[in-house]
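> In this note's numbering, the protein residues as written are 34 to 643.
Below is one structure. I have some questions about it.
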Amino acid sequence: MEGTDSEADSSSAFEHLLQVLGKRAPSTKRRKVDESDKLRDDLSNVLASSYSADAESDVEEASEESCEGIRVDAFDSFNMPYEDYLTATEPLASDNSMPLPFFKTCKFKTLTPEMQELLKATVLPSVLSNAAAYGIHPSLHKQLTKLRRKADSGNLVCKDRNRLRYLFNCLNTYVDIFYAGCKISDLPSVRFLLALHTANHICKSVTSAVEQSHGFTRPRVLYICGLKCMAREFIQHLTALLPVKKGDPKLEKFHEEYDLPEEDASAQLSSFRKTQKSFDYIETFSGNQDDAFKMGMRYQGGMLRLYTPFYTSDVIVASPLGLKIMLQEDDEYDFLSSIEVFLVDRLDVLKFQNWRFFLDVFEKLNQPLKKWRDADLSRLRVSTIDGQSEFYRQTVGVSCTQHFVFNSYFKRLLNRRGFIKLSCVPRQDFVLLGSRLRVQQLFIKVAANSVKEADGALLNYFLKNMLSSIHGIEGVLVVLGDYTHFLRVQKDLKLANFEYLPCHESNTGKQMLFARQQFQAGKAPVVITTSRLLFFKRYVIKGTARVLFVVPPDYPELYREAFKMMDLSKRNSIVTLYTRFHANQLEPIVGVDKVHKLVSAADTRVTEFH
């Protein structure tokens with residue numbers, strides 16, 4: 034693969050760009066049909082191998098075990114008086130980053146005593162085989178032993194990987210965590226660790242001998258995710274750790290509401306196979322895709338009870354939409370006033386759904402009571418009465434991607450114990466894959482002064498510099514970020530008499546089908562779609578020869594999905610616009626080594642990979 038640079042503000046650069054897009058493509062001799070078919074098959078096999086690699090488990094030897102650096106008493110910090118808590122969490126140094134085994138990068142805001150211990154502990158035991166080392170509540174040991182035996186017999190509930198051992202140690206230390214770039218194949222194991230952390234926290238809370246250990250309301254753990262199929266997996270792990278009474282009708286209700294009926298599940302699987310959905314799509318969307326749900330759970334008498342009222346629950350599992358509807362209808366959010374552990378599963382999915390809904394829920398956490406209920410004043414923590422709960426609350430976010438809005442969110446958090454961002458190493462380099470598929474790939478850097486201006490700068494550049502370049506060219510798929518981007522350019526497209534068909538999330542199914550059929554038949558030269566639609570639907574828009582990402586896709590898999598749309602035996606190209614603020618989106622596409630080159634390039638520079 035070669036990379037070449039050219040100044041995009043010179044006439045030669047745009048002449049080169051037009052050649053890539055097809056206006057001045059040099060004539061080529063027509064291949065024989067059998068040669069073309071063979072080439073197409075060979076390149077299709079290369080692409081298929083790339084997708085197959087997603088489902089393969091990475092090979093990693095478990096390290097030797099050591100208990101050094103493991104905090105077993107971090108839970109006790111919730112009951113510390115505020116002044117003592119401030120002293121115990123006094124920062125030792127300012128924000129920094131450092132190399133950490135098993136991760137690409139490790140970043141933290143401040144070096145607190147908890148963070149100092151975490152950074153020492155790189156050789157850790159498995160929590161399944163050595164629960165006592167992590168101070169796991171004794172009532173969970175029996176269940177963990179059963180799960181370990183299942184793992185030994187091949188029924189894994191949690192992969193034994195060094196990065197996952199380290200993640201649980203971070204959870205157990207109660208620092209804030211942003212687990213970025215999580216591997217799709219790791220998600221079931223990560224959800225198990227989140228469930229174990231939840232169960233451990235609840236068991237320790239309900240058996241605490243400290244008199245002043247209560248909040249204003251009972252709920253202590255809030256688990257947020259975007260789809261019922263994700264919540265189902267978390268709840269099943271929780272019920273494996275905290276048993277549900279045999280014959281409990283609420284368990285049957287849970288399966289009725291969160292499982293797909295057998296016929297629907299079979300039809301869904303058949304549809305996924307027929308449309309050749311990728312491994313990451315199947316792992317994300319298999320099962321019940323309902324996005325409006327909520328459930329309370331209470332641990333009492335050694336048993337977990339499902340569907341309990343929020344004010345008598347220990348754990349709340351919900352989607353942002355499910356809570357948003359409730360908050361709008363009742364204007365009632367006191368049940369969120371005493372949350373101690375806030376778990377967010379798949380931030381990347383929540384961003385594609387409605388990021389504002391998530392922020393609306395977040396902003397209701399640990400707020401002053403609107404109405405006094407039945408709290409025992411003698412058992413309330415002084416820190417709770419004084420409105421200092423935010424400084425104790427742990428927030429954990431898991432995402433398969435990175436984005437500057439996630440970084441901005443975690444900067445708002447106040448947990449005094451510290452914050453750690455663990456970035457996993459990307460497994461694939463999609464630009465390298467594109468080169469093997471003989472797809473010409475260009476990246477054009479656009480000037481932007483701030484993160485807030487970045488997307489607007491890209492849209493303006495597209496309208497002023499790219500629109501005329503693709504006018505009259507066939508097989509062009511323009512990919513915007515979402516429907517709001519389409520609304521921002523719609524008027525300009527009309528004024529320019531630009532010929533295209535829309536295929537975005539606000540179209541009806543019939544409208545989207547019509548656009549795709551016309552495009553495939555060559556009757557529409559350009560289709561304008563969005564990353565958001567492609568994330569949820571993964572349409573293979575046939576007839577595509579040239580793809581223009583006006584904004585780098587927030588979900589990097591969409592870049593690879595573009596290859597599936599192309600006839601790989603013919604000339605194809607992808608052009609991606611970006612700013613210096615899009616490093617997070619570019620890294621899993623171009624690779625760790627090449628992203629610095631792109632971000633540090635001069636504005637308007639074209640970088641080509643072929």
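Even glycine gets a Cβ: it sits at the ideal position worked out from N, Cα and C.
Work out the CA separation of leucine 492 and arginine 181 for me, nearest whole Å.
Counted from its first residue, the sequence shown places residue 181 at position 148. Counted from its first residue, the sequence shown places residue 492 at position 459. Whole-angstrom Cα-Cα distance: 53 Å.
> Assign tyrosine 84 to one of three DSSP states: helix, strand, or coil.
The residue you call residue 84 lines up with position 51 of the sequence shown. Tyrosine 84: helix per DSSP, three-state reduction.
> Check phenylalanine 463 in the structure and name its three-state DSSP category.
The residue given as residue 463 occupies position 430 in the sequence shown. In this structure, phenylalanine 463 counts as helix in the three-state DSSP scheme.
> Using three-state DSSP, classify phenylalanine 614 as helix, strand or coil.
Here residue 614 is taken as the residue at index 581 of the sequence shown, counted from 1. Here phenylalanine 614 sits in coil by DSSP.
> So, under 8 Å CB-CB, cysteine 433 and aspartate 381 are touching, yes? Tell me the CB distance rounded to an integer number of Å.
What you label residue 433 is simply residue 400 of the sequence shown in a count that begins at 1. What you label residue 381 is simply residue 348 of the sequence shown in a count that begins at 1. That belief holds up - the Cβ atoms of cysteine 433 and aspartate 381 are roughly 5 Å apart, short of 8 Å.
> Is alanine 578 closer than 8 Å to lysine 603 when the C-beta atoms are compared?
Here residue 603 is taken as the residue at index 570 of the sequence shown, counted from 1. Here residue 578 is taken as the residue at index 545 of the sequence shown, counted from 1. Yes, they are a contact pair.
> What are the residues that DSSP puts in a beta bridge with serine 130?
As a position in the sequence shown, residue 130 is number 97, starting the count at 1. Lys140, per the DSSP bridge assignment.
> Specify the secondary structure class of arginine 196 as computed by DSSP and reduced to three states.
Sequence index remark: in the sequence shown, residue 196 carries index 163 (1-based). Arginine 196 falls in the helix class under three-state DSSP.
> Mind checking lysine 627: buried by the 16 CB within 10 Å criterion, or exposed?
Taking the sequence shown and counting its residues from 1, one reaches residue 627 at position 594. Looking at its Cβ environment, which holds 16 or more other Cβ atoms inside 10 Å, lysine 627 is buried.
> In the region 235-303, which residue ranges form an unbroken beta strand (DSSP E) of at least 3 residues, counting only runs that do not cross its ends?
The qualifying runs are 254-257.
> From the DSSP output, which residues share a beta bridge with valine 559?
As a working note, residue 559 is residue 526 in the sequence shown. Valine 559 pairs with Val509.
> Tell me whether the region 254-264 and the region 297-313 touch, counting them as touching only if at least three CB pairs, one residue from each stretch, are closer than 8 Å.
Result no; under three Cβ-Cβ pairs closer than 8 Å.
> Pick out whichever of Arg196, His518 and Asp117 has its Cα sitting closest to the Cα of valine 156.
Residue mapping note: residue 156 aligns to position 123 of the sequence shown, counting from 1. If we check each option's Cα against that of valine 156, Arg196 comes out closest.
> So does the region 515-527 actually touch the region 567-577, counting three or more Cβ pairs closer than 8 Å?
No contact exists between the region 515-527 and the region 567-577.
> Consider the Cβ of arginine 471: report whether some Cβ of chain C lies at a distance smaller than 8 Å.
No chain C appears in the structure shown, which is made up of a single protein chain.
> Do leucine 189 and leucine 204 have their C-beta atoms within less than 8 Å of each other?
Within the sequence shown, numbered from 1, the residue matching residue 189 stands at position 156. Within the sequence shown, numbered from 1, the residue matching residue 204 stands at position 171. Contact flag unset, no.
> Quick one, which of Asp313, Ser564, Asp297 and Leu447 has its alpha-carbon nearest phenylalanine 385's?
The residue given as residue 385 occupies position 352 in the sequence shown. Nearest C-alpha to phenylalanine 385: Ser564.
> CB-CB under 8 Å to alanine 126, same chain, minus the five flanking residues each way: which ones, in chain order?
Within the sequence shown, the letter at position 93 stands for residue 126. These residues qualify, in order along the chain: Thr143 and Leu144.
> Report yes if the C-beta distance between glycine 355 and lysine 327 is below 8 Å; otherwise report no.
In the sequence shown, the residue the question calls residue 355 occupies position 322. In the sequence shown, the residue the question calls residue 327 occupies position 294. Yes.
> For leucine 177, count neighbouring Cβ atoms within 10 angstroms of its own Cβ and tell me buried if that reaches 16, exposed if not.
For the purposes of this step, residue 177 is identified with residue 144 of the sequence shown, where counting begins at 1. Per the 10 Å Cβ criterion, buried.
> From serine 172 to alanine 184, what does the alpha carbon distance come to, in whole angstroms?
Working through the sequence shown from its first residue, we reach residue 172 at position 139. Working through the sequence shown from its first residue, we reach residue 184 at position 151. The straight-line gap from Cα to Cα measures roughly 20 Å.
> Report all residues from its chain with a CB closer than 7 Å to the CB of histidine 170; omit the five preceding and five following residues, and keep chain order.
Position 137 of the sequence shown, counting from 1, holds the residue named residue 170. So the qualifying residues of the chain are Asn233, Cys236 and Lys237.
> Of the choices Leu601, Lys397 and Glu373, whose alpha-carbon is the least far from that of serine 77?
Translated into the one-based positions of the sequence shown, residue 77 becomes position 44. Closest by alpha carbon: Leu601.
> For a quick check, are the C-beta atoms of histidine 504 and phenylalanine 476 less than 8 Å apart?
By one-based count along the sequence shown, residue 504 stands at place 471. By one-based count along the sequence shown, residue 476 stands at place 443. No, these two residues do not count as a Cβ contact at 8 Å.
> Are the Cβ atoms of aspartate 209 and glutamate 590 separated by less than 8 Å?
Counting from 1 along the sequence shown, the entry for residue 209 is found at position 176. Counting from 1 along the sequence shown, the entry for residue 590 is found at position 557. No; because the gap between Cβ atoms is not below 8 Å, this pair is not in contact.
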